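Heads up, the sequence shown is in our numbering, so the first residue is 8 and it goes up one at a time.
Built from N, CA and C at the ideal position, the CB exists for glycine as well.
On a predicted model such as this, the values are computed, not experimentally measured, just so you know.
Only one structure is covered here, and it is reproduced in the block below.
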Amino acid sequence: MTDATADLTLLDDLVLRADEAFRGVFERVFAGDPAANAQLDVEAVEPAVVDGVPTLVMVTPWAMSGLVFPAAEGPVELVIAAVPRRAVRGDVAPLGPYWSVGLVPDVSRLTSADQARRLAASFAEPFREAVRQWLRG
8 MTDATADLTL LDDLVLRADE AFRGVFERVF AGDPAANAQL DVEAVEPAVV
58 DGVPTLVMVT PWAMSGLVFP AAEGPVELVI AAVPRRAVRG DVAPLGPYWS
108 VGLVPDVSRL TSADQARRLA ASFAEPFREA VRQWLRG
């Protein structure tokens, strides 16, 4: 198995676990909450391995976040598109431990899942670059 194949297998598994974990959060915490955007679903977007560390952008009906899965301690903050953003540790089954950075805290005005996907994709490379900078110290 090549490194690229291993990365794809890792990312496919990570996306499945992230979707399952955050759907569970939605069902337990946000179902029926008027603050949740009914136009949006839980969806992992733009998964990538950055210098050996898996990342993805998570779209949910309540927020949009960048997730990073370092093997060791995570970042305190990431500077994304020149904006410092605090990283918060999370651990939700079956996803496991991760570090989350808020990209879009209020998704209430998004009108469709497609619009959310495009917005998430626009944050993906700046988020990955911030992770690269953090990893390289």
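Query: Beta-carbon spacing of ALA51, VAL22 below 9 angstroms; Result: yes
Query: Candidates ASN44, SER72 and ASP14: closest to ALA25 by CA position; Result: SER72
Query: Burial state of PRO101 (16 or more Cβ within 10 Å); Result: exposed
Query: C-alpha gap between LEU126 and LEU110, whole angstroms; Result: 10 angstroms
Query: Three-pair Cβ contact test at 8 angstroms for the stretch 79-88 versus the stretch 61-70; Result: no
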